[in-house]
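Worksheet: the structure to be examined is printed underneath.
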Amino acid sequence: MNEPIKLIIAGSEAHFEDGKKLFREYAASLPIDLAFQRFEEELDTVREQYGPPSGGLMLAYAGERAVGCAGVRSKGAGIAELKRMYVQPDFRGHKLGKLLLEQSVAIAKDLGYEKLRLDTLASMTGARRLYESFGFEVIPAYYVNPHADAIYMEKVLSDSV
1 MNEPIKLIIA GSEAHFEDGK KLFREYAASL PIDLAFQRFE EELDTVREQY
51 GPPSGGLMLA YAGERAVGCA GVRSKGAGIA ELKRMYVQPD FRGHKLGKLL
101 LEQSVAIAKD LGYEKLRLDT LASMTGARRL YESFGFEVIP AYYVNPHADA
151 IYMEKVLSDS V
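Using UniProt numbering, read the sequence shown as starting at 1 and increasing by one per residue.
The following block contains the structure:
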């Protein structure tokens with residue numbers, strides 16, 4: 001990782017296309033199939049779900065190459081959901097996930113959400129540790145997931161990180 005990393009909030013069609021590409025890489029990297037989450041439909045509506053006025057898509061670029069992402073979208077009154085947080089393997093270990101999460105929490109706060117939820121897999125121990133370090137706590141399931149390995153977490157958004 002020699003190039004400086006630049007974080008942006010997706011605003012153009014090209015940004016959202018980069019986000020979709022990273023979402024596909026993320027899905028391919030998982031030990032589960034995301035069809036139960038209607039993943040293909042999500043890809044068709046990335047801008048609507050992760051764009052203004054109710055969401056935000058953080059992208060990390062090394063030069064012109066999109067290398068990481070994290071999406072924030074609405075889950076109803078006062079609740080946002082963090083989805084598809086992903087960093088390409090060559091760019092891991094440089095605190096990029098932490099930066100993406102930090103900015104995603106800020107987006108959720110700026111949009112006026114009171115809580116930020118997410119789901120992850122028990123096997124994704126590094127991600128879980130990161131979420132816990134930001135104050136996310138395990139909660140009961142907030143949607144049906146057929147995978148027994150699924151863990152649901154939530155952070156109450158306040159003035160703190």
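Idealized CB from N, CA, C, for every residue including glycine.
**Asked** For residue 74, which three-state DSSP category applies?
**Response** Here residue 74 refers to the residue found at position 74 of the sequence shown. DSSP places residue 74 in strand when its eight states are reduced to three.
**Asked** Just checking my contact of residue 88 with residue 17 at CB under 8 angstroms: how many whole Å lie between their CB atoms?
**Response** Taking the first residue of the sequence shown as position 1, residue 88 is located at position 88. Taking the first residue of the sequence shown as position 1, residue 17 is located at position 17. No, residue 88 and residue 17 are not in contact; Cβ-Cβ is about 16 angstroms, not under 8 angstroms.
**Request:** Report the rounded CA-to-CA distance for residue 47 versus residue 97, giving the unit in angstroms.
**Result:** For the purposes of this step, residue 47 is identified with residue 47 of the sequence shown, where counting begins at 1. For the purposes of this step, residue 97 is identified with residue 97 of the sequence shown, where counting begins at 1. Residue 47 and residue 97: Cα-Cα distance of roughly 22 angstroms.
**Item:** Extent of the continuous alpha helix (DSSP H) to which residue 128 belongs
**Value:** Start at 1 with the first residue of the sequence shown, and residue 128 comes out as number 128. Looking at the DSSP string, the run of the alpha helix (DSSP H) that includes residue 128 is 125-133.
**Request:** Can you have a look at residue 81 and say buried or exposed, based on whether 16 or more other CB atoms are within 10 angstroms of its CB?
**Result:** Along the sequence shown, read from residue 1 onward, the residue named residue 81 stands at position 81. Under this definition residue 81 is a buried residue.
**Request:** Out of 155, 61, 95, 83, point me to the one whose CA is closest to residue 6's CA.
**Result:** Indexing the sequence shown from 1 puts residue 6 at position 6. With distances taken between Cα atoms, residue 6 lies closest to 61.
**Prompt:** How many angstroms separate the CA atom of residue 90 from the CA atom of residue 14?
**Reply:** Here residue 90 is taken as the residue at index 90 of the sequence shown, counted from 1. Here residue 14 is taken as the residue at index 14 of the sequence shown, counted from 1. One C-alpha to the other measures close to 22 angstroms.
**Request:** Assign residue 120 to one of two classes, buried (16 or more other C-beta atoms within 10 Å of its C-beta) or exposed (fewer than that).
**Result:** Position 120 of the sequence shown holds residue 120. Buried, because 16 or more other Cβ atoms sit within 10 Å of the Cβ of residue 120.
**Where the alpha helix (DSSP H) containing residue 117 begins and where it ends** = By one-based count along the sequence shown, residue 117 stands at place 117. It is not in any alpha helix (DSSP H) - residue 117 instead sits in the beta strand (DSSP E) that spans 115-121.
**Request:** Using only alpha-carbon positions, find the residue among 66, 2, 158 that is nearest to residue 85.
**Result:** Within the sequence shown, residue 85 is the residue found at index 85, counting from 1. Comparing Cα-Cα distances from residue 85 to each of 66, 2, 158, the minimum goes to 66.
**Item:** Residue-level contact to chain C via CB, residue 69, 8 angstroms cutoff
**Value:** This model lacks chain C altogether, as it is built from one protein chain only.
**Prompt:** How far does the alpha helix (DSSP H) with residue 28 in it reach, from first residue to last?
**Reply:** Sequence index remark: in the sequence shown, residue 28 carries index 28 (1-based). Where residue 28 is concerned, the enclosing alpha helix (DSSP H) stretches over 13-29.
**Prompt:** Excluding sequence positions up to five away, which residues of its chain have a Cβ less than 6 angstroms from the Cβ of residue 127?
**Reply:** Taking the first residue of the sequence shown as 1, we reach residue 127 at position 127. Only 120 meet the Cβ criterion.
**Request:** Please classify residue 104: is it buried, with 16 or more other beta-carbons within 10 angstroms of its beta-carbon, or exposed?
**Result:** Here residue 104 refers to the residue found at position 104 when the sequence shown is read from its first residue. Buried, by the Cβ-count rule.
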